[in-house]
Amino acid sequence: MQEIQASSSRQRGWTLAIVSLGLFMVVLDNLVVNVALPSIRRDFGASVQSLEWVVSAYVLAYAVLLLTGAALGDRFGRKRMFVAGIALFTASSAAAALAPTAGLLIAARASQGVGAAIVTPLTLTLIAQAFAPEQRGLALGVWSGISGVAVALGPLVGGAVTEIGSWHWIFWINVPVGIALVPLALAGLQESHGPNGRLDLAGLILGSGGLFGLVFGLVRAQTLGWGAPIVVASLIVGATLLVAFVLYERRAREPMLPLEFFADRGFAVTNAVSLSMYFGMFGSIFFLTQYMQNVLGNSPLQAGVKLLVWTGATTVVSPLAGIFSERLGSRPFMVAGLTLQATALGWLASELSIHQSYVSMLAPFILAGAGMALVFAPSASAVLSAVRVDQAGQASGATNAIRELGGVLGITVLATVFTSHGSYSSAQGFVNGLSPAMWLGVAVLAIGALIAAAVPFSARPAAAAQAPAAAEHRDRGAGAEPVPDLSPVAA
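Written as structure tokens, this is what we have:
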């Protein structure tokens with residue numbers, strides 16, 4: 039029995055390490071690009087709209103295909119699709135590194151987004167498969183902590199590589215990691231499938247098409263204006279397809295996204311919280327990284343080092359938030375996290391100037407990083423606690439799609455506010471545009487904090503009901519014998 043327990047423990051450890059490394063690649067790449075945007079702009083002579091596409095092409099493919107990635111994993115095997123997603127992401131990173139024009143860079147970024155959309159929802163699914171509900175607090179804390187390390191290293195690595203070499207090298211760093219991760223995943227992960235025996239092709243087409251129309255319209259609105267025919271048509275078609283998706287999924291025998299998820303108060307409110315956080319915070323980060331270089335005169339490396347205070351706070355707090363949210367419930371952490379983020383952005387916005395000192399930015403940077411960490415693991419725990427373990431892939435896909443939609447919406451709307459009040463033409467013009475954009479982000483985060491207060495106050499609302507089903511599904515899917523729960527909570 040001890041040998042079986044040790045084997046199971048080792049398997050869980052391998053699973054957590056492999057999926058966390060996959061998530062590390064995805065998060066690191068996105069933040070590395072943010073710091074390199076001014077260098078890309080100078081190299082290609084790119085406009086703010088082109089820079090937006092360097093970020094948004096990735097996010098567009100990522101947000102649109104998250105539901106698809108989760109569905110493919112459930113249908114064809116989570117291990118198989120995780121490996122395929124890592125391989126595609128790695129190859130696309132090499133293509134981005136070799137891109138000679140902005141157009142080819144944007145195309146490679148879109149391909150990276152496809153790979154990331156396959157990998158990301160499966161990281162949570164594989165964790166849910168390997169860990170019983172009462173053991174997930176620590177696992178999710180480590181998972182979000184590793185993500186926090188990527189958040190911390192992203193600006194620093196991006197700044198260092200851009201300054202020492204060129205922005206092309208920020209994509210090469212993914213290639214050796216991906217090459218090493220593929221054989222590790224093949225050897226260390228166990229295959230499992232979702233509850234549906236067939237792929238919901240109609241739901242996949244309607245859902246992906248609807249998200250594409252909506253996200254594409256939001257992205258193009260910043261360049262062409264909200265009244266442009268292609269923007270209006272894209273938004274209308276996207277919304278129509280999403281309505282059709284909802285109506286179809288309500289009647290489907292094996293739906294791609296069971297709509298009863300949203301009948302659960304915790305699941306619905308947590309997703310609303312995630313959308314507001316990504317709207318307010320990541321829309322602001324898009325411009326703050328440029329503010330530190332274009333206005334305050336920092337080099338890419340200096341900007342990365344200075345942002346380490348922000349991202350380092352996320353790294354330290356994330357594991358603790360994951361552990362304690364299992365005991366105290368997700369709601370107080372999400373309320374506190376969004377409140378800290380709103381306070382931090384409001385603090386920064388109130389002191390914006392062309393001569394702002396780094397010392398004045400330290401405290402709000404720390405508050406913002408800690409606030410983000412207080413939301414990451416607790417929100418993931420709340421989502422997984424609201425569904426059965428075999429539904430984790432579908433729930434993760436939906437949550438990630440909503441979250442990324444918030445990020446796209448945040449960048450687009452804040453970019454619209456920025457361009458209507460300021461420009462890149464001068465340091466003061468940049469500040470004039472950034473200030474109202476950040477105050478809008480503060481407002482959205484404050485609304486999110488109020489929404490977070492509606493999350494059910496429970497440490498693990500569905501843990502007791504899920505435990506037997508989770509153990510049965512884990513044993514059946516992994517082919518392992520059941521082992522006793524040795525987690526601190528159970529003890």
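In the numbering used here, each number is its position in the sequence shown, counted from 1, plus 38. Note that CB positions come from ideal geometry on N, CA and C, so glycine has one too. The model shown is predicted, which means the values in this text are computed figures rather than measured ones.
If you check the CB distance, Gly111 and Leu162 do not come in under 8 Å. Of Trp385, Leu412 and His206, the smallest CA-CA separation from Phe362 is found for Leu412. Measuring C-alpha to C-alpha distances from Ala240 to each of Leu273, Trp264 and Arg291 identifies Arg291 as the nearest. One Cα belongs to Phe300, the other to Val373, and the distance between them is close to 20 Å. The beta carbon of Ala420 sits closer than 7 Å to those of Gly304, Thr308, Ser368 and Val493, all from its chain and outside the five residues before and after it, given in chain order.
Taking 8 Å as the cut-off, the beta carbon of Phe127 is found closer than this to the beta carbon of Ala154.
DSSP places Ser314 inside the alpha helix (DSSP H), whose first and last residues are Arg303 to Met315.
For Met330, the enclosing alpha helix (DSSP H) covers residues Gly321 to Asn332. Taking a cut-off of 8 Å for Cβ pairs, the region 339-352 and the region 96-115 do not touch, as fewer than three such pairs fall below it. In summary, Arg289 is exposed, with fewer than 16 beta-carbon neighbours lying within 10 Å of its beta-carbon over all protein chains present.
The C-beta of Thr139 has fewer than 16 other C-beta atoms within 10 Å across all chains shown, which makes the residue exposed. Under the three-pair Cβ rule at 8 Å, the region 439-452 does not count as touching the region 328-340.
Between Pro293 and Asp238, the C-beta gap is smaller than 8 Å, which places the two residues in contact.
Between Ser434 and the set Gly141, Leu105, Val71 and Val65, the nearest pair of CA atoms involves Leu105. The C-alpha of Gln150 is placed about 18 Å away from the C-alpha of Ile78. Three or more beta-carbon pairs drawn from the region 270-277 and the region 244-262 are found closer than 8 Å, and the two stretches are therefore classed as touching. Between Leu66 and Val199, the C-beta spacing is not below 8 Å. For the pair Ile156 and Ser58, the CB atoms are not nearer than the 8 Å cut-off.
One Cα belongs to Phe283, the other to Met399, and the distance between them is close to 45 Å.
In this structure, Leu227 is the residue among Leu227, Val70 and Val102 with its C-alpha nearest to the C-alpha of Phe120. Within its own chain, the residues whose Cβ lies closer than 6 Å to the Cβ of Phe254, once the five positions on either side in sequence are excluded, are Ser272, listed in chain order. DSSP places Leu194 in the helix class (H, G or I) of the three-state scheme. Rounded to whole angstroms, the separation of the alpha carbons of Ile323 and Gly486 is 17 Å. For Ala132, the uninterrupted alpha helix (DSSP H) run begins and ends at Arg116 to Ala135, by DSSP.
Nearest C-alpha to Pro357 among Val71, Ala418 and Lys344: Ala418. Look at Ile211 here: in three-state DSSP terms it is coil, with no helix or strand label.
Residue burial is scored here from C-beta neighbours: Gln432 has at least 16 other C-beta atoms within 10 angstroms and is therefore classed as buried. Following the DSSP letters along the chain, one finds Trp385 inside the alpha helix (DSSP H) bounded by residues Arg369 to Ser388. Here the alpha carbon of His459 sits roughly 14 Å from the alpha carbon of Phe325. Put simply, the backbone Cα of Ala424 is about 7 Å away from that of Asp302.
Gly226 sits in a helix when the DSSP states are folded into three classes.
The alpha-carbon separation between Gly232 and Leu103 amounts to approximately 17 Å.
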